[in-house]
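Taking it in order: structure first as structure tokens, then the write-up.
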Amino acid sequence: MNIDEIIKTSRDIDLHEISDEGKIRNPGGILALVIFIIGLIWSLFHFYTAGFGLLTATLQRSAHLSIGLALCFLYFPFNRKKEVAYHKIPWHDILLALTGFMTIIYTFVFYNDLVWRVGMPNQIDLLVGGLAIILVLLAAHRAFGPALPIVTIVFLFYPFVGQYLPEIIGHGGYRMVRVINDLYLTNTGIFGIPIGVSSTFVFTFVLFGCFFQASGAAQYIVQLSFAAMGRFKGGPAKAAVVASGFMGSIAGSSVANTVVTGSITIPMMKKTGFSSEVAGGVETAASTDGQFLPPIMGAAAFVMAEFTGIPYWQICIAAALPAIISYAALLCIVHLQAAKTGMQAMPKAQIPPLLTTFIKGIFYWFPICILVYYLIIRRFTPNTAGFYAILAVIGMMIVMRAIKLGQDSKKEEISFAANLVTHLKGLGHDILQALDSTARSMAGIAVACACAGIIVGVVTLTGLGMSITQVIATAAGDNLFILLIMAAAISIILGLGLPTTAKYVIMATLVAPAILMVEPTLPVVGVHLFILYYAILADDTPPVGVAAYAAAAIARSDPIRTGLLGFKFDLGAFLLPFMFIYNPEFLLIDTTWQKALMVASTSLFGIYCFSAVIQRWLFTQLKIWEQVILLAIAFSMIWPTWITDIVGASVFIFIYLHQRAVKKREDETQNLSAGA
């Protein structure tokens, strides 16, 4: 099977069966139609408000979360291990969906009355608010498993037990009325910044990504990647990195990216000799790391913009160079994996011609240019830029259908009218699929943001943030390096169970202030990107790396081993956050292009050395002493100076020449053995 046949087969994958959290229900019948219509209404509501004006903050967030909460109970079964649970929806889940919708929409319907009762809720307000909090936790369990609701519950208990805790993290205690009031009736809890971002920027960009995928862009990007990278050693794996990186930056969904691009790249990797686990691991790492890459970067980056007050376009610019280097690191480690295992390039007959492939789909770049123009150059709000980009995709889809209609009418005997009906149906199907896929991707994100809002609300109410900041700074002894190591470790540990957005919110609330307190001269965007990087690095790690499970399903591999290999391949970028913390020029802050180029070069050098250590391979297997030296060179690039650059390059050249000599002797010995 060649690449064209694999791409043709991949188009049959039903994106309706997946979400950002994995597989979802497909009950069939009237109920499926009702759920489908609810999802369409939800997506159309956000499309309308993105282009024609948002509602008041509380109303926008209430309308957003009410349907998102209901859809979580309809999309995700309680027991996700039973296959039968995906083909029917029990009556109690429908009841939970209706109840969840009513508890949140309550703030929309009675908004004018509640404005005057903030701080003095009546009994109904307290009952509905308490029920809403419980249902958000239950929905989070459906979408993400137990880790996120457990962490949220721990924070929820804190206001009631503060008087029993040590003085450094204790407080006088709060009554139930105060807690529910702050978490439900104000904009510092459930309806706080995270859900505000989810109901605006995130939804708009996920909608754009789904329209972009529905247009057929994914297949074009994958073909272009194979045309560019297929001729190199381990070409299919490198093509997977390039294709998944680009699609991940647009779609903002690691699972959907894994399924769309992985359905093409994984079979090609296996065909050229990669094991199932390695093929799945490469795709997992490449798809997950799309959250690093502008212009979209995933939901957490939009939350970062609101938390820090830094315009989103500035975050995109700061994140650009580290993101490019992170994918270069992934290419390095994939190259060494291919060299170590003897993988070859794709057969020339299967490699699409680069120039022809690029020109054939050049129109797919039009919506990207529109997005970058309005987001980075004109500096419009993300919502407005996303809206114009969606219109550009829809316009492109219409033009593509019109061109195809003209071509079909000339070639086939079918009448123009019949062709027109066929293409209109196809266009309608693509648009409906994009709207529905967006709803399925966003339901879990909305609930995760609601949980993150609860956590932020508790921290704000109790003053826990300042207490934890002092504890962490004291534990680190005001040593920035130790503090950064602690922050990275906490992010990765939290990553074993929490989605990226919730993880980032916790770290941004509790740890980022500690880092800035120890070293107030650090750029705020750098500190928050540091946290985000390690939060994402943990996303493909078992036991809850859903992207790894999606890749394993395609590769027919063990999901745990696939996830572990995905994490291993991601380790090539492990040093990056330390590099841009200690050298803000890496974030293009107060620098020139010459300095930025120098910083990028030294970073690539350090990351390549680190990748060689991870793979234990350069030209042949590295000895322990060689690994130690290369690791020292990699770490020295965290604090790059002319001295470290010269010494590091000199020592690397020595190891390079030594490895070449060892490889030559091994080849000669092997040839002699073969001749004998």
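First residue of the sequence shown: 16, per the numbering used here; consecutive thereafter.
In this text, a Cβ means the ideal position worked out from N, Cα and C, and glycines have one as well.
Assigned secondary structure, residue i (DSSP; H/G/I helix, E/B strand, else coil)
| i | result |
| --- | --- |
| Lys253 | helix |
| Lys286 | helix |
| Lys38 | strand |
| Leu180 | coil |
| Lys248 | coil |
| Asn137 | coil |
| Asn196 | helix |
| Phe125 | coil |
| Tyr189 | coil |
| Gln359 | coil |
| Met415 | helix |
| Asn202 | coil |
| Ile119 | helix |
| Trp328 | helix |
| Ile661 | helix |
| His673 | helix |
| Arg680 | helix |
| Asp451 | helix |
| Ser230 | coil |
| Ile28 | Reliability of the predicted coordinates at Ile28 is poor, the pLDDT of 49 falling under 50, and the value obtained from them is presented with this limitation in mind. It is coil, neither helix nor strand. |
| Thr399 | helix |
| Pro309 | coil |
| Thr372 | helix |
| Asp605 | coil |
Alpha carbon of residue i to alpha carbon of residue j, nearest angstrom
| i | j | result |
| --- | --- | --- |
| Thr280 | Ala254 | 7 Å |
| Asp27 | Thr372 | Confidence is the limiting factor: at Asp27 the pLDDT is only 48, short of 50, which leaves the residue's position unreliable, though a coordinate-based value still follows. Taking the straight line joining both Cα atoms gives about 22 Å. |
| Gln642 | Thr536 | 34 Å |
| Trp106 | Val414 | 45 Å |
| Ser25 | Ile569 | The predicted position of Ser25 is uncertain, since its pLDDT is 49 and thus under 50; no value can be drawn from it. |
| Gly224 | Ile183 | 46 Å |
| Leu633 | Met613 | 24 Å |
| His79 | Ser58 | 10 Å |
| Ile405 | Leu222 | 8 Å |
| Phe595 | Pro337 | 8 Å |
| Asp304 | Val194 | 37 Å |
| Val274 | Ile668 | 41 Å |
| Leu30 | Ser452 | Residue placement at Leu30 cannot be trusted, given a pLDDT of 46 that sits under 50; what the coordinates show is reported in the next sentence. Rounded to whole angstroms, Leu30 to Ser452 spans 7 Å at the Cα level. |
| Ala636 | Ile546 | The residue you asked about is not Ala; residue 636 is Gln in the sequence shown. Roughly 34 Å between the two C-alpha positions. |
| Ala465 | Ile53 | 20 Å |
| Leu447 | Thr437 | 15 Å |
| Glu683 | Thr219 | 60 Å |
| Tyr389 | Ile653 | 35 Å |
| Gly277 | Ile508 | 27 Å |
| Lys239 | Pro368 | Per the sequence shown, residue 239 should be read as Leu rather than Lys. Between Leu239 and Pro368, the C-alpha separation is close to 9 Å. |
| Pro310 | Ile340 | 16 Å |
| Leu586 | Gly260 | 16 Å |
| Tyr121 | Ala147 | 10 Å |
| Ala611 | Glu600 | 6 Å |
| Ile265 | Ile383 | 8 Å |
| Ser430 | Phe402 | 36 Å |
| Phe289 | Val237 | 18 Å |
| Cys331 | Val473 | 30 Å |
| Ser291 | Val257 | 19 Å |
| Leu442 | Ile385 | 21 Å |
| Met501 | Ser616 | 28 Å |
| Pro174 | Phe226 | 44 Å |
| Ala458 | Ser618 | 38 Å |
| Lys678 | Ala649 | 23 Å |
| Arg394 | Val166 | 37 Å |
| Ile168 | Leu513 | 13 Å |
Strand pairing of residue i, partner residues [DSSP]
| i | result |
| --- | --- |
| Gln636 | Trp632 |
Cβ-Cβ separation, residue j to residue i (assumed contact under 8 Å), whole Å
| i | j | result |
| --- | --- | --- |
| Thr215 | Leu69 | 6 Å |
| Leu544 | Ala333 | 7 Å |
| Ile622 | Ala567 | No, Ile622 and Ala567 are not in contact; Cβ-Cβ is about 27 Å, not under 8 Å. |
| Glu42 | Ile104 | It is worth fixing the name first, because residue 42 is Pro in this sequence and not Glu. About 5 Å; that satisfies the 8 Å criterion. |
| Met522 | Ala504 | That pair is no contact at about 11 Å. |
| Val480 | Pro528 | Checking the sequence shown, residue 480 turns out to be Gly, not Val. Contact flag correct, Cβ pair sits at about 6 Å. |
| Gly115 | Leu200 | Between Leu200 and Gly115 the Cβ distance is about 18 Å, and since that is not below 8 Å, they are no contact. |
| Leu476 | Tyr189 | 7 Å |
| Gly211 | Glu98 | Actually they are not in contact, since the Cβ atoms of Gly211 and Glu98 sit about 37 Å apart, beyond 8 Å. |
Minimum Cβ-Cβ distance from residue i to chain D less than 9 Å
| i | result |
| --- | --- |
| Val436 | Among the chains of the structure shown, chain D does not appear; only one protein chain is present. |
Every unbroken alpha helix (DSSP H) inside the segment 476-529 [4 residues or more]: 479-490, 495-509 and 515-525
Scan the segment 532-581 and note each continuous alpha helix (DSSP H) run of 4 residues or more that stays entirely inside, going in chain order. 539-552 and 561-570
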